[in-house]
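For the sequence shown, our numbering assigns the number 19 to the initial residue and increments by one for each residue that follows.
For every residue, glycine included, the Cβ atom is placed at its ideal position computed from N, Cα and C.
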Amino acid sequence: MGLYVKNNVFASCYIIIYSYGRFTMKISEGDISTICSKAKNPSFCFNFFKSTPATKTLDIFGVAKFLINDASQDASVTQKQFESLAKSTIDPRSKNIYTQCLENYKNALGELDAALKALEAKDNASLNIKVSAAMTDGDSCNSVLPSVKPSPQLLKQISDIDNLSGIVLVISNILPKN
19 MGLYVKNNVF ASCYIIIYSY GRFTMKISEG DISTICSKAK NPSFCFNFFK
69 STPATKTLDI FGVAKFLIND ASQDASVTQK QFESLAKSTI DPRSKNIYTQ
119 CLENYKNALG ELDAALKALE AKDNASLNIK VSAAMTDGDS CNSVLPSVKP
169 SPQLLKQISD IDNLSGIVLV ISNILPKN
């Protein structure tokens, strides 16, 4: 009986340590492949990891944090661009669209900040909800933006924010549950 209990305790400890260790190890090519195959834009995802060697030194939580920070920086720059466009345009319709997008990206920044807090708290459900909300803010802008013919650079930046956030959504679904 004592040997049985000792073996079960050992086996339980091994499983817990292995499970914890699996998500504290550096992200592997297999992890990247799994994540990118489920991403909204797999090509963007693979290219992102390939062109961002810093991600290979991080565990999966670190990668999620890196992606959220990257999306936040892009959203901040995008917000400033919309602010500038809203101030500089004289066409009332364009001004209204740029102002709406400015507000959407202010909201997206708040959602991405909340996503970072959820990630730190290991609250995967809230992480998923906050990143989804940030993406919805961007999508709301995208639906009206084509009528003002924005620059290709601005459209690319908006697309990058959406793609980075999409990768975080995939990660939020594979992080260990509390």
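Cut-off 6 Å between Cβ atoms - residues of its own chain near residue i, not counting five sequence neighbours on either side
i, result
"leucine 193", "Asn142"
"cysteine 54", "Pro60, Cys63, Phe64"
"leucine 134", "Ile86"
Endpoints, the alpha helix (DSSP H) within which residue i is located
i, result
"asparagine 146", "142-162"
"isoleucine 78", "78-106"
"aspartate 131", "110-138"
Short Cβ contact (9 Å threshold) for residue i with residue j
i, j, result
"asparagine 160", "asparagine 191", "no"
"glycine 156", "isoleucine 176", "yes"
"isoleucine 86", "leucine 130", "yes"
"serine 94", "leucine 127", "yes"
"arginine 111", "serine 169", "no"
Secondary structure of residue i, DSSP reduced to three states
i, result
"asparagine 59", "coil"
"arginine 40", "Because arginine 40 sits at a pLDDT of 43, beneath the cut-off of 50, its placement in the model cannot be relied upon, and the point is left open."
"proline 194", "coil"
"isoleucine 189", "helix"
"isoleucine 50", "helix"
"proline 170", "helix"
"isoleucine 176", "helix"
Residues near residue i by beta carbon distance below 7 Å, same chain, minus five either side
i, result
"aspartate 88", "Leu182"
"lysine 44", "Lys74, Thr75, Leu76, Asp77"
"glycine 80", "none"
"serine 144", "Ala136"
Close beta carbons around residue i, own chain, < 8 Å, minus the five adjacent residues each side
i, result
"leucine 172", "Thr96, Gln99"
"threonine 52", "Ile192"
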